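Protein chains in written order, with our numbering: chain S, 698 to 1075; chain U, 698 to 1075; chain B, 698 to 1075; chain P, 698 to 1075.
There are 4 protein chains.
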Amino acid sequence: MPKKIRLGILGGGGDSLIGVLHRVAAYINDNYEIVGAVFSPLHRDSLDFAEQIDIPLHRIYKDFETLIEKELQLPEDERIQVCSVQTPNFLHYPMAKKLLDNGFHVICEKPMTMTYEEAKSLQASHKASGKVFALTHTYTGYPMVRQMRQIIKAGQLGKIHKIDARYYQGWINPIIHDEEKRAAVWRLDPTKAGISSCMGDIGVHAFNLLEFTTGLKVKSLLCDFNYMYKDNVMDVDGTVLVRMDDHVKGVIRASQVATGEENGLAIRIYGEKGGFVWEQEKPNFLYFFEEGKPLQVYKPGHPYNTKLSLDGTKLPPGHPEGIFDSMANIYWGAAKAIRGEAYDDGEFPTMEDGVRGMNFIESTVHSHKQGNVWIDMD
Amino acid sequence: MPKKIRLGILGGGGDSLIGVLHRVAAYINDNYEIVGAVFSPLHRDSLDFAEQIDIPLHRIYKDFETLIEKELQLPEDERIQVCSVQTPNFLHYPMAKKLLDNGFHVICEKPMTMTYEEAKSLQASHKASGKVFALTHTYTGYPMVRQMRQIIKAGQLGKIHKIDARYYQGWINPIIHDEEKRAAVWRLDPTKAGISSCMGDIGVHAFNLLEFTTGLKVKSLLCDFNYMYKDNVMDVDGTVLVRMDDHVKGVIRASQVATGEENGLAIRIYGEKGGFVWEQEKPNFLYFFEEGKPLQVYKPGHPYNTKLSLDGTKLPPGHPEGIFDSMANIYWGAAKAIRGEAYDDGEFPTMEDGVRGMNFIESTVHSHKQGNVWIDMD
Amino acid sequence: MPKKIRLGILGGGGDSLIGVLHRVAAYINDNYEIVGAVFSPLHRDSLDFAEQIDIPLHRIYKDFETLIEKELQLPEDERIQVCSVQTPNFLHYPMAKKLLDNGFHVICEKPMTMTYEEAKSLQASHKASGKVFALTHTYTGYPMVRQMRQIIKAGQLGKIHKIDARYYQGWINPIIHDEEKRAAVWRLDPTKAGISSCMGDIGVHAFNLLEFTTGLKVKSLLCDFNYMYKDNVMDVDGTVLVRMDDHVKGVIRASQVATGEENGLAIRIYGEKGGFVWEQEKPNFLYFFEEGKPLQVYKPGHPYNTKLSLDGTKLPPGHPEGIFDSMANIYWGAAKAIRGEAYDDGEFPTMEDGVRGMNFIESTVHSHKQGNVWIDMD
Amino acid sequence: MPKKIRLGILGGGGDSLIGVLHRVAAYINDNYEIVGAVFSPLHRDSLDFAEQIDIPLHRIYKDFETLIEKELQLPEDERIQVCSVQTPNFLHYPMAKKLLDNGFHVICEKPMTMTYEEAKSLQASHKASGKVFALTHTYTGYPMVRQMRQIIKAGQLGKIHKIDARYYQGWINPIIHDEEKRAAVWRLDPTKAGISSCMGDIGVHAFNLLEFTTGLKVKSLLCDFNYMYKDNVMDVDGTVLVRMDDHVKGVIRASQVATGEENGLAIRIYGEKGGFVWEQEKPNFLYFFEEGKPLQVYKPGHPYNTKLSLDGTKLPPGHPEGIFDSMANIYWGAAKAIRGEAYDDGEFPTMEDGVRGMNFIESTVHSHKQGNVWIDMD
């Protein structure tokens, strides 16, 4: 195996939760070394954070532009190879674009961009660049999610009929029901957070999981949002009717006002010969229904799993791996691609996932605003 | 307690599953004695069945009309007091109507009638009769369903925001995917089964559970059915967006093609202060979320439960009661009403539930056929 | 099917919980009619109760002896055929013995007798009588318990290696920790409750479940009780090491001080080729492990179940049946035996189960009192 | 925060599973940098592995003795500060001892030594050294295990009455039932694997969990092993009756022949006021029983958790962390101790845990071999 990949970090400093997740994921399989970063908007904060986590300071730059400029001056075998973009959403697009345009690989948080237009523009840059772009839809890295995908791909469910994805959280409750708070928070300000709160932040994960696992594409959708209050213009809850290839129908449900729910992502997939149920909060249990047979519970690490699933497990069965390990699997897939090694389709979400996601988010908003009508996706 | 109530049975003979359910429910709390019946269309079959379950034969009538006629000739203190209607759906309305019109109390299976019109007509007869009418939405009799209702009524969830009900089964798969079978089966023949398969048979249970537990009424709905095949005109899957009082939104999901699902009725209710999750296949576990507290799991029989819930439990905690016991609770509530004893709102589903249910079913069909538009319920 | 069996009830009046359980179980499959009883020690109470549940009063006797005497005077085709003994423990033996000696069939609550000596004496009476004797180890009637038994019998687990049964409750806590209460309660008074509290009341169920499901016999055991307080002489907690045929080892754990536990009976059985886990509080889920395969979850009512299991289920999969239905299965098995019909081994626990149970209870007491030594069972 | 701690690794090379676990745990919280190692017995293998995971090669030593010798020649601020011992069991003692004697901190896999004598000898070296010694009983690092400990410490369960720990695996089945294999495998050869297989490998984890969570000490025990075959002299299954402070009783069950079990460590703790149930394979769910209240389910990351628990969680509720994160918490605790920072009792298992563990293992063997008699622990 070649040397560790030289990784740059954008964002993720201070007590950023997403920062920890990415950093640990990068370490887990011994593939990456952090060599440069802009952790925070203030250079002083970036340096402090670098010191705190004990990263050499000389490549902690004052801003993103400087990072690009200075790194390009380094010899290619010292230069950052890939940057991980963990900044607030509105910076994903300009940063990822400039990185690709300047020959860097990119690992990027979701939502990929602020708009579908930006997504398509980024796609063009990516195509032109020939570089690796990985989108961190974390949940696709779970061994049991990978197992669903591969089993469906192998035809064991037969033709899919029905899909039902849910992503319920309750965290926005203390904000949304307080008139002052909901007016003040950036999350509910479309100029800062984009056109959608609930669908943009979590609904898109459910959408991605649905397309990732089934290999089907949503063709059209009809969406109903709930804003809860007249003075609020961002969705905090929504249900989306979806239609896919071959007259398959489904529903995507997302909520940020589902009181008491933590991170309730779940999916149910039913096909001619079998069905799957999987829940993110118990990620190592995959429920597999087959006509006329007892329910089967798949767990990671067993030889009966597919290669893609087994590749995502480090320890023997019964040793629970979690969300850090899931993200680490995505980082590993990206590492293979960056090194030019062979990798399987499905090892990490791609630019196409990002473009589909933005297409989905905008379509839900259009559907709702036009009176819950059917919108065709591209 | 007065003597046992004299019960007549219509339908439920032979190996009818619903027949067993009702008969046992009637026995369980020592409230009823079966004194007369028309178990089957053929008199010989009715007599054989009566013999088999050891019911006296002299009041086993050849048909429903004879039962009415002969029973009315008996002295009032010998006469059947209440009839339980367990026949195929299209007979519910004419039987229930004639029974009420002739002064009998009625316990009736769902769907109450074939059409909303019939439902309203039956409601009028019921009003005129002054008799008891109980609709056997079995699932409302579970102690934990009753617990949800009472806790919500007491305001412990605060204002409700979001409701999500599901009823998934997979039993129609072997029929629907076979062109010959799906053309031949009465279940998918609208002249025999009514205007809806999936929504009429199971979706309406989910709808009823939603209104029963929250006390809210669905004001309007938008529905998308899946027929699966062009030559099939009955829904075998559907999703319904619903809007209730006070801008509450929700979704009702029903499917008969959810491969591997058995009897997957479940409900999630989220309010300002808390949330509930309940699943029919584990009926004795009620999950209660409160902001900032550990998840709580309610179980039947504990003193912390409400009276309505405790009334529905016969044994101490940890002794699982099931669906027969749930139905028995409804029979018990009806018994109290028939005897003129005090009973609580919620002890059994009523005529109003039946009318609402038929309104719901028809509205979903209209919504779908008109192109997934919003339909107001009455 | 012949007429209903004429059933007499001994005990179970007033608000007796066990009374409800037996009565409903007798009704559920249309096999029995209650024709006579001594519900309570006071004749007045028996009559009141009979009136309350609407049983004819003329065969409600003042005491057990009168019941025997008067019933024997009735013609055989009117006479009580079987008596169900639901009295306090110390009456089981004299009643069951006299019933058998006088030609009545007997259904009897557990523990069958107060001592092992009594058990052997009753066994002799039973043998001499040629009558049916059914012991209501209720849990053996669950479809999934029956499934375990039949699958093991068919050899699908291979040679059994290890068995682990648990029965944990917490109900005695409020009594045992209060010096006055624990001195006053009859449950902890050996002159009234027999030689063992915890092992006699619940441990014996776990023991029975172990022998019932595996078909193995415990050959020797070593027991350690916990009395909690020096002034208490009855076990409220105990663990039993057991050795069975063929060097199989296991453990039986029972407790009445397991705070918060309701009725926590569970069993784990491991064999050469597979394993089972079953928990009474979720009786319709049976977990089946096979080497190198996903965990399988059996549920009742599916055609993949064995005949004995399917016979114990009335409704299609997904309609939860519970403990009343489990007891009803035992009553049904006894009914077949009483009518002289064919029935399968395992349809109801027998005299042998009762004798084994008393042998077990006494052996645990001897083992503990002799300093936790190994005791051979007969 | 100071610079990363300089970590040396002993063992854990190649495809060692425990190697991955430790390495990732060391990385996760940015506390450690691997600067030297002897990964494998052959120097070539060590170097290859170092290259593979991209560790500088100049401090990859040919053997342990050389590592000690050479590192001692380095200036103190470059020298390895702590070594993590991940070798086969028989090397733990000599390595840990020499490390402590030469002024290195030690992180050590369990079982700590081969014998109780060695354990006491190591304890003496540790005491003399003044260095940090952390034993990697991984499961103590789970947030919900920490939560149990702290809640019990705070008295919320009242006086503990009853403890029941289980550790069931099935992995040895393919070996033990094959006469040739069981004769050949080092795991069942006492000269290589120590005096106990099942109790030494996994039973000791259950024992440790029991003492760690309750703060109680086992005073005496009685053990029964199962060897399965006469030609096998190592336990592959065992049950241990234990007695603790204040007449508390409990049971520890361990098995390697529990077919189908993966890594089934679980604990049940019952006290005067409440009880806990926790299962390793669902580590983020802690079941808390309180008298007269609904069951409560604690999950990590919520403010209602204790500080020790919250310190062990990196992400918000609903983002499952797993066994790598659990081990990382232990490494973090050790890091604080190594840096001389404040840390809480319970952040990592200590020398005392190791000594207790070896005392436990030897006592179980003595008890069994002397005929299942009570053995006092020191």
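We treat Cβ as the ideally placed atom computed from N, Cα and C, and that holds for glycine.
The model shown is predicted, which means the values in this text are computed figures rather than measured ones.
What does DSSP give as the partner residue(s) for Thr936/P in the beta ladder? Asp921/P, Arg950/P
Quick one: what does DSSP say His858/U is sitting in, helix, strand or coil? strand
For Ala1034/B, which residues of its own chain have a beta-carbon under 6 Å away from its beta-carbon, when the five flanking residues on both sides are left out? Val829, Tyr1040
Reduced DSSP secondary structure (H/G/I, E/B, other) of Lys916/B: strand
Three-state class that DSSP yields for Ile848/S in the structure shown: helix
Quick test of the definition: if touching needs 3 or more C-beta pairs under 8 Å, does the stretch 975 to 988 of chain P touch the stretch 832 to 843 of chain P? yes
On the CB-based measure, 16 or more other CB atoms within 10 Å of its CB, does His902/P come out buried or exposed? buried
Buried or exposed for Val933/P, going by 16 or more other Cβ atoms inside 10 Å? buried
Collapsed DSSP secondary structure at Asp742/P in the structure displayed: helix
For the candidate residues Leu832/S, Gly827/S, Gly855/S, whose alpha-carbon lies nearest to that of Ala816/S? Leu832/S
Please tell me whether Thr910/B and Ile949/B are closer than 8 Å, where the distance is taken between their beta carbons. no
Status (buried if at least 16 other CB within 10 Å, exposed otherwise) for His975/S: Here residue 975/S is Trp; the residue named in the question, His, does not match the sequence. Buried is the call here.
Let me know the secondary structure DSSP gives Met1024/P once reduced to three states. helix
Restricting to runs no shorter than 3 residues, where is the beta strand (DSSP E) found entirely within the stretch 989 to 1045 of chain U? 992 to 995
Does the Cβ-Cβ distance between Val945/P and Leu918/P come in under 8 Å? no
Measure from the C-beta of Phe1021/S to each C-beta in chain P and report whether the shortest distance is under 8 Å. yes
Nearest chain B C-beta to Lys990/S closer than 8 Å, yes or no? yes
Nearest candidate by alpha-carbon position, reference Phe1021/S, set Gly972/S, His834/S, Val994/S: His834/S
Can you check the stretch 720 to 782 of chain B for any beta strand (DSSP E) of at least 3 residues that lies completely inside it and give the ranges in chain order? 729 to 735
Residues that Val948/B contacts on chain P, provided the C-beta gap is smaller than 9 Å: Asp921, Thr936, Val948, Arg950
Asp861/S CB to nearest chain U CB: under 8 Å? yes
Label Asp727/B either buried or exposed according to how many other C-beta atoms from any shown protein chain fall within 10 Å of its C-beta, with 16 as the threshold for buried. buried
Report the three-state DSSP secondary structure of Val1070/S (helix, strand or coil). coil
State the Cα-Cα distance for the pair Asn929/U and Phe1045/B, rounded to the nearest angstrom. 48 Å
Pairwise C-alpha distance: Lys927/U and Asp760/S: 59 Å
Three-state secondary structure (DSSP) of Glu969/P: coil
Run down chain S in chain order and give the residues with a C-beta less than 9 Å from the C-beta of Pro1000/B. Gly989
Under 8 Å by beta carbon: chain B residues contacting Asn870/P: Glu969, Glu988
Mapping DSSP to helix, strand and coil, what is Phe909/U? helix
Over what stretch of residues does the alpha helix (DSSP H) that includes Tyr813/U continue unbroken? 813 to 826
Mind checking the stretch 894 to 906 of chain S against chain C and listing, in chain order, the residues whose C-beta falls within less than 8 Å of any C-beta there? No chain C is part of this structure, whose protein chains are labelled S, U, B and P.
With a 10 Å radius around its C-beta and 16 neighbouring C-beta atoms as the bar for buried, classify Asp774/B as buried or exposed. exposed
Does the beta-carbon distance from Gly1015/P to Glu978/S come in below 8 Å? yes
DSSP three-state call for Phe986/U: helix, strand or coil? strand
Beta-carbon spacing of Gln778/U, His755/U below 8 Å: no
Check whether the Cβ of Gln993/P lies closer than 8 Å to any Cβ atom in chain U. yes
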